[in-house]
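Chains as they are written, first to last, in our numbering: chain A, 5 to 296; chain B, 74 to 352.
In this text, a Cβ means the ideal position worked out from N, Cα and C, and glycines have one as well.
What you are looking at is a predicted structure, and each value in this text was computed from that prediction instead of being measured.
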Amino acid sequence: MEFCAEPSTLTGPAWWACYLTTPTHFSFYLSFGTVLALILLAVPVILALGFAGAFARRSAFLPLKLVGQAYTSMVRGVPDIVFFMFVPIALDQAFEAIRHVAICPDTGQPIYQGNDFVVCDAAKLPLGDAAQWVHQGYGFLLALIAFAIVFGAFAANTIDGALTAVPKNQLETASAYGMTPRQVLWRVHLPQMWRYALPGLSNLWMILVKATPLLFLLGVEDIVYWAGALGASKTSFYDFPHPDWRIWYFGFLLIFYLGLTWVSEKVFARLNLYFAKGQASHGSRREPVMAQ
Amino acid sequence: MSCAQTIADYALRSIGIGERLLPKSDITLCEQVVLIGSGMIWNVYFGALAVIAGFFFATALAVAKAGHNRWLATPAQWFIFLFRGTPLFIQFFFAYEAFVLLPKLGVDINLGFGTITAETRWLTKAWAGALFVLFLNTSAYSAEIFYGALRAVPQGDVEAADAYGMGGFARFRRIIWPTLLRLAWPSYTNEAIFLFHATTLVFFSSFPAWRQKGDALYYANYLAEKTFNPFISYPIAAGYFILLTLVIIFAFSLVNRRLNRHVAPEKRTRLKFRPQLIR
Numbered sequence: 005m006e007f008c009a010e011p012s013t014l015t016g017p018a019w020w021a022c023y024l025t026t027p028t029h030f031s032f033y034l035s036f037g038t039v040l041a042l043i044l045l046a047v048p049v050i051l052a053l054g055f056a057g058a059f060a061r062r063s064a065f066l067p068l069k070l071v072g073q074a075y076t077s078m079v080r081g082v083p084d085i086v087f088f089m090f091v092p093i094a095l096d097q098a099f100e101a102i103r104h105v106a107i108c109p110d111t112g113q114p115i116y117q118g119n120d121f122v123v124c125d126a127a128k129l130p131l132g133d134a135a136q137w138v139h140q141g142y143g144f145l146l147a148l149i150a151f152a153i154v155f156g157a158f159a160a161n162t163i164d165g166a167l168t169a170v171p172k173n174q175l176e177t178a179s180a181y182g183m184t185p186r187q188v189l190w191r192v193h194l195p196q197m198w199r200y201a202l203p204g205l206s207n208l209w210m211i212l213v214k215a216t217p218l219l220f221l222l223g224v225e226d227i228v229y230w231a232g233a234l235g236a237s238k239t240s241f242y243d244f245p246h247p248d249w250r251i252w253y254f255g256f257l258l259i260f261y262l263g264l265t266w267v268s269e270k271v272f273a274r275l276n277l278y279f280a281k282g283q284a285s286h287g288s289r290r291e292p293v294m295a296q
Numbered sequence: 074m075s076c077a078q079t080i081a082d083y084a085l086r087s088i089g090i091g092e093r094l095l096p097k098s099d100i101t102l103c104e105q106v107v108l109i110g111s112g113m114i115w116n117v118y119f120g121a122l123a124v125i126a127g128f129f130f131a132t133a134l135a136v137a138k139a140g141h142n143r144w145l146a147t148p149a150q151w152f153i154f155l156f157r158g159t160p161l162f163i164q165f166f167f168a169y170e171a172f173v174l175l176p177k178l179g180v181d182i183n184l185g186f187g188t189i190t191a192e193t194r195w196l197t198k199a200w201a202g203a204l205f206v207l208f209l210n211t212s213a214y215s216a217e218i219f220y221g222a223l224r225a226v227p228q229g230d231v232e233a234a235d236a237y238g239m240g241g242f243a244r245f246r247r248i249i250w251p252t253l254l255r256l257a258w259p260s261y262t263n264e265a266i267f268l269f270h271a272t273t274l275v276f277f278s279s280f281p282a283w284r285q286k287g288d289a290l291y292y293a294n295y296l297a298e299k300t301f302n303p304f305i306s307y308p309i310a311a312g313y314f315i316l317l318t319l320v321i322i323f324a325f326s327l328v329n330r331r332l333n334r335h336v337a338p339e340k341r342t343r344l345k346f347r348p349q350l351i352r
């Protein structure tokens with residue numbers, strides 16, 4: 005007979021061993037992967053958008069400059085959670101509207117009907133008959149895009165500031181040696197920029213880590229969802245009845261995030277020393293970080 | 074229905090005055106603007122009280138963390154690390170569950186000569202519970218800012234105070250504290266702005282909006298769901314927050330000017346809005 009087949013007869017460590025290995029608990033453990041996947045997938049996109057935004061803002065071409073400035077100032081003054089609520093639903097409607105026009109243009113009905121948003125069935129995203137994981141994946145993708153757009157704007161601010169912070173005489177010396185602007189950028193400007201960008205980017209990383217529970221608001225079954233679902237009190241109708249344990253589950257999440265913060269701080273302290281190598285700035289020595 | 078009527082019905086809806094039922098269909102632009110504006114009352118309430126109360130606690134924490142007494146420094150350090158190292162969103166969840174677990178009727182406190190019953194029920198309501206969490210959270214963030222500024226106070230100032238025979242609280246109150254605030258003020262302004270932004274999390278975490286009395290984002294979300302059109306309600310909420318941000322920057326810049334009034338113009342600390350996100 006299987007070990008966990010009759011949970012009501014179990015006691016002590018055996019009960020715990022079976023309780024913590026139920027399928028729903030494995031979903032909970034996997035959802036930590038979802039969070040880490042979101043962070044790791046978002047970082048390259050955020051950096052790409054950050055560089056794009058920073059270089060757009062520094063561009064000599066006026067329309068591009070305006071786009072860059074609009075993008076980087078977009079996130080100021082407005083709570084990011086507004087963006088997290090707005091971007092996914094706006095994107096979703098945009099995708100569906102485009103597909104509606106492309107796939108079934110001749111329904112003859114407007115998409116906005118009074119208080120309803122109506123597209124034909126074939127244009128729905130994901131399709132009505134799609135599997136559950138497709139729905140989840142689509143929600144995750146929208147969330148990822150929302151995170152990338154918002155944090156990309158912040159990264160653009162940081163990178164722009166770092167590019168400005170590289171001492172001018174370094175760049176002038178490089179061009180005096182006969183380097184082309186492209187060579188100056190790749191050989192002098194970008195390598196030196198990292199040292200100035202790193203404090204801002206590490207701050208951004210910390211904030212990104214701490215923003216991940218917002219996935220829950222976007223309907224993704226993340227750690228917050230599972231902590232709430234698993235911790236809720238279970239009557240004797242369930243295999244493993246227990247009172248309301250949500251406080252323990254959320255406490256566990258707090259510890260998880262504290263650990264993540266602690267590890268990140270250590271890694272960034274190392275990176276900081278690495279990038280400061282060979283630069284004659286005050287910060288090459290370890291210094292107390294003023295404020296945030 | 075005229076817009077004036079809408080204002081009469083919904084301008085104070087978020088605190089329970091006016092029409093009870095929220096608009097369900099044929100929602101007008103006026104209704105959206107008024108209802109979301111009504112929700113801003115909560116954002117201002119949470120933000121203002123948390124910032125004011127947090128200011129004093131943060132000062133105490135910063136002094137404790139910088140001090141030599143290990144029995145004060147270590148708890149302060151841990152408090153700051155705990156609240157800065159975890160997402161505010163989860164702090165809300167955790168606090169709510171903790172408050173719910175408190176005995177429903179209250180805690181009996183034995184004073185020796187008799188018992189008093191501390192009412193704990195109101196902590197599960199957003200107006201008290203969420204405010205408490207926001208207060209602790211902003212205290213931790215502000216304390217880190219003040220701590221950094223405290224360490225940046227010029228040693229010469231402190232030595233001059235010593236030379237004048239000033240010590241203890243007088244030295245702190247008259248020499249260290251003004252400079253600390255002056256150095257910290259630009260960062261502290263950012264913290265205040267982001268605390269106000271963070272108030273939007275209250276009704277999206279576990280604190281329920283009782284009788285649909287919610288904040289600006291709560292109503293913006295409600296209206297976006299009812300109209301299936303996010304392109305109106307969210308920009309309205311965003312507009313309100315930009316206005317609020319401008320008001321905060323204005324108010325803090327007045328304080329900043331006062332803090333800097335004795336400093337040579339080129340050495341003054343400038344208010345610079347450096348964006349930072351959720352905690």
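So what does DSSP say about residue 246(A), is it helix, strand or coil?
strand
Below 7 Å CB to CB, which residues in the same chain sit around residue 143(A) once its five sequence neighbours on both sides are set aside?
222, 223, 224
With a threshold of 16 other CB atoms inside 10 Å of the CB of residue 309(B), please say whether the residue is buried or exposed.
buried
Complete runs of the beta strand (DSSP E) confined to the segment 208-283 of chain A [at least 3 residues]
none
For residue 318(B), which residues in chain A fall below 7 Å Cβ to Cβ?
81
Selection of the segment 81-96 of chain A by Cβ proximity to chain D, strictly under 7 Å:
Of the protein chains in this structure, namely A and B, none is chain D.
Assigned secondary structure, residue 288(B) (DSSP; H/G/I helix, E/B strand, else coil):
coil
What distance in whole Å lies between the Cβ atoms of residue 272(B) and residue 89(B), which are believed to be in contact at a cut-off of 8 Å?
About 19 Å; that fails the 8 Å criterion.
If residue 261(A) and residue 235(A) are in contact, beta carbons under 8 Å, what's the gap, nearest whole angstrom?
Contact doesn't hold; Cβ gap of about 17 Å is too wide.
How is the alpha helix (DSSP H) around residue 244(B) delimited, first residue to last?
241-244
Against residue 17(A), what residues of chain B qualify as contacts under a CB-to-CB distance less than 8 Å, listed in chain order?
Result: empty, since nearest Cβ-Cβ is about 25 Å, beyond 8 Å.
Could you check whether residue 255(A) and residue 167(B) sit closer than 8 Å to each other, using their CB atoms as the reference points?
yes
Residue 199(A) classed as buried or exposed, judged by whether at least 16 other C-beta atoms fall within 10 angstroms
buried
is_contact[residue 290(B), chain A] using C-beta, thresh 8 Å:
yes
Taking Cβ positions only, does residue 295(B) come closer than 8 Å to chain A?
no
Proximity test, Cβ basis, 8 Å: residue 261(A) and chain B
yes
Which stretch, first to last residue, makes up the alpha helix (DSSP H) that contains residue 234(B)?
228-236
Partner residues on chain B for residue 217(A), Cβ-Cβ distance less than 7 Å
160, 162, 163
How do the segment 45-57 of chain A and the segment 145-160 of chain A stand: do at least 3 beta-carbon pairs fall below 8 Å, yes or no?
yes
Suppose you measure from the CA of residue 254(B) to the CA of residue 200(B); what does that come to, to the nearest Å?
29 Å
Just to confirm the assignment, what range does the alpha helix (DSSP H) spanning residue 181(A) have?
Segment: none, residue 181(A) is in no alpha helix (DSSP H) and carries neither H nor E.
I'd like the span of the alpha helix (DSSP H) that includes residue 167(A), first residue to last.
136-169
Within 8 Å (strictly less), CB to CB, does residue 62(A) reach chain B?
no
Report the residue from 288(B), 325(B), 321(B) whose alpha carbon sits nearest the alpha carbon of residue 110(B).
288(B)
From the beta carbon of residue 324(B), is the nearest beta carbon of chain A less than 8 Å away?
no
Taking Cβ positions only, does residue 251(A) come closer than 8 Å to chain B?
yes
Going by DSSP, what residue range makes up the alpha helix (DSSP H) through residue 202(B)?
199-225
Are three or more beta carbon pairs between the segment 221-235 of chain B and the segment 146-157 of chain B nearer than 8 Å?
no
May I have the straight-line CA-CA distance separating residue 181(A) from residue 168(A), to the nearest angstrom?
21 Å
Is the CB-CB distance between residue 208(B) and residue 126(B) below 8 Å?
yes
When we look at the beta-carbon of residue 20(A) and count the other beta-carbons within 10 Å, is it buried (16 or more) or exposed?
exposed
Given that a residue counts as buried once 16 or more other Cβ atoms are within 10 Å of its Cβ, and exposed if not, what is residue 277(A)?
exposed
Any beta carbon from chain B within less than 8 Å of residue 40(A)'s own beta carbon?
no
Do we get a CB-CB distance below 8 Å when we pair residue 265(A) with the residues of chain B?
yes
If I follow the unbroken alpha helix (DSSP H) through residue 60(B), where does it start and stop?
Outside the displayed span of chain B (74 to 352) sits residue 60(B), for which this structure offers no information.
In chain A, what lies closer than 7 Å to residue 174(B) by C-beta?
251
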